[in-house]
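Okay, so here's the structure we're looking at.
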Amino acid sequence: MNKKINIKLDLADNKKFDSSKLKNKTILFFYPKALTSGCSIEVSDFQKKMSKFKKLGFDIVGASKDDVERNTTFAEKFKLKYPLGSDLGDACNNLGIWIEKSMYGKKYFGINRSTFILDKNGQVLHSWSNVKVKGHVDVVIDYIRENNL
């Protein structure tokens with residue numbers, strides 16, 4: 010992808026995430042819905058490997074279209090040590106991950122589960138879409154190591 014993105018997300022405690030003001034390289038992952046089974050596994054997997062990401066020089070931020078209160082409850086439930094952002098604007102649209110889905114014949118819009126590796130300047134170094142949760146965090150770590158990011 011290798012393009013600069015400008016993503017703004019609302020965090021707990023009236024804080025903001027702004028991809029143009031990163032302190033470190035960042036893993037930014039988007040999940041469809043807080044407090045659901047697949048998303049719970051995903052946030053937990055990133056939490057379990059957080060020390061590996063830190064050693065590689067990366068921060069982690071998760072995000073969804075859920076409101077700040079729901080994401081705060083989600084983060085507290087799993088004792089996350091990284092923030093969860095709420096896309097209350099058009100970040101998902103701008104990234105092309107707000108897509109039409111279908112379940113039981115009913116069409117609706119939702120997040121295409123995706124992960125982005127950002128450098129300190131908000132440049133996308135690599136991304137994955139249609140992410141399958143199982144084993145994904147290890148795939149991200151392996152990619153960072155193999156590409157000396």
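In this text, residue positions in the sequence shown follow the numbering used here: the first is 10, and each later residue adds one. Idealized CB from N, CA, C, for every residue including glycine. These numbers were taken from a predicted model, which means no experiment stands behind them.
Measure from the alpha carbon of residue i to the alpha carbon of each residue in the options, then state which is nearest.
| i | options | result |
| --- | --- | --- |
| residue 68 | 21, 93, 74 | 93 |
| residue 34 | 52, 20, 64 | 64 |
| residue 57 | 158, 145, 157 | 145 |
| residue 157 | 22, 23, 112, 66 | 66 |
| residue 70 | 91, 143, 106, 41 | 91 |
Using the beta-carbon count (16 or more within 10 Å), is residue i buried or exposed?
| i | result |
| --- | --- |
| residue 118 | exposed |
| residue 95 | buried |
| residue 29 | exposed |
By the three-class DSSP mapping on this structure, what secondary structure does residue i have?
| i | result |
| --- | --- |
| residue 87 | coil |
| residue 36 | strand |
| residue 119 | strand |
| residue 42 | coil |
| residue 133 | strand |
| residue 28 | helix |
| residue 138 | coil |
Going by the CB atoms, is the gap between residue j and residue i shorter than 8 angstroms?
| i | j | result |
| --- | --- | --- |
| residue 103 | residue 121 | no |
| residue 131 | residue 14 | yes |
| residue 72 | residue 37 | yes |
| residue 141 | residue 101 | no |
| residue 79 | residue 44 | yes |
| residue 19 | residue 77 | yes |
| residue 42 | residue 133 | no |
Less than 8 angstroms between the CB atoms is what I'm expecting for residue i and residue j, so what's the real figure, rounded?
| i | j | result |
| --- | --- | --- |
| residue 25 | residue 32 | Their Cβ separation, rounded to whole angstroms, is 14 angstroms, which puts residue 25 and residue 32 out of contact at 8 angstroms. |
| residue 3 | residue 123 | Summary: the structure shown does not reach residue 3, with the chain confined to residues 10 through 158, and so no result is reported for it. |
| residue 116 | residue 109 | 6 angstroms |
| residue 49 | residue 87 | 7 angstroms |
| residue 89 | residue 52 | 6 angstroms |
| residue 135 | residue 113 | No, residue 135 and residue 113 are not in contact; Cβ-Cβ is about 34 angstroms, not under 8 angstroms. |
For chain D, check one thing: does any of its Cβ atoms lie closer than 8 angstroms to the Cβ of residue i?
| i | result |
| --- | --- |
| residue 47 | As a matter of chain content, chain D is missing from the structure shown, which is built from one protein chain. |
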